[in-house]
Amino acid sequence: MLKKYMHVRLPSWFSVAATFLLITLLWVPFRAGSLGATKRMVYSLAGLNGVDTEGFTSAQCALLGLGALLVWTLPTTAQWLEKGTRNSSCSDFVPKWWHWKPTFFWGVYVGMLALAGIAMLTDTQEFIYFQF
Numbered sequence: 000m001l002k003k004y005m006h007v008r009l010p011s012w013f014s015v016a017a018t019f020l021l022i023t024l025l026w027v028p029f030r031a032g033s034l035g036a037t038k039r040m041v042y043s044l045a046g047l048n049g050v051d052t053e054g055f056t057s058a059q060c061a062l063l064g065l066g067a068l069l070v071w072t073l074p075t076t077a078q079w080l081e082k083g084t085r086n087s088s089c090s091d092f093v094p095k096w097w098h099w100k101p102t103f104f105w106g107v108y109v110g111m112l113a114l115a116g117i118a119m120l121t122d123t124q125e126f127i128y129f130q131f
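Right, here's the structure in full:
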């Protein structure tokens with residue numbers, strides 16, 4: 000939108016970060032029970048209530064960092080399943096070997112992911128929006 004009206008092209012990393020931050024902040028009112036709770040949650044997200052690291056081990060922090068690295072660097076489902084159309088902005092960022100193909104390797108990989116997902120279904124939890 001900025002490009003159309005102001006002839007400004009923002010870097011893609013900035014657009015991704017801004018979208019993530021805005022969506023994260025705008026989810027808060029839907030989860031909070033009141034405006035006061037919304038304010039407290041936003042303050043906590045920003046670290047304005049202080050940061051409590053008690054209970055976190057260095058191994059847990061390393062796993063958290065590894066998880067964040069994987070989330071932000073691995074391709075999305077759309078990029079993974081893309082068939083290599085040149086009109087897509089995804090094909091330039093994802094190596095060709097990473098694209099899904101109906102091969103034995105990908106069948107085994109997806110099968111293992113499915114089994115892992117099914118194995119984790121034993122622990123039942125309430126859906127986050129059960130109150131709506």
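Numbering that gives the first Met the number 0 applies: residue 0 is where the sequence shown begins, and numbers increase by one.
Don't be surprised by glycine CBs; every beta carbon is placed ideally from N, CA and C.
Small disclaimer: the values here were computed from a predicted structure and weren't measured.
Leaving aside the five residues that flank residue 36 on each side, none in its chain has a CB nearer than 6 Å to its CB.
Annotated as distal: residue 50 and residue 40, with beta-carbon spacing of 7 Å or more. Restricted to the region 8-43, the alpha helix (DSSP H) segments that are unbroken, complete and at least 4 residues in length are 11-30, listed in chain order.
With a contact defined as Cβ atoms closer than 8 Å, residue 114 and residue 99 miss out at about 18 Å. For residue 46, there is no enclosing alpha helix (DSSP H), as DSSP marks it with neither H nor E. Spatial neighbours of residue 67 in its own chain (CB-CB distance under 6 Å, excluding positions within 5 residues in sequence) are not present.
The C-alpha of residue 53 is placed about 15 Å away from the C-alpha of residue 63. A distance below 8 Å between beta-carbons, with the five flanking residues on each side excluded, links residue 56 to no residue of its chain. Taking the CA atoms as reference points, residue 14 sits about 20 Å from residue 45. Around residue 70, the same chain offers no residue with a beta carbon nearer than 7 Å, after the five sequence neighbours per side are excluded.
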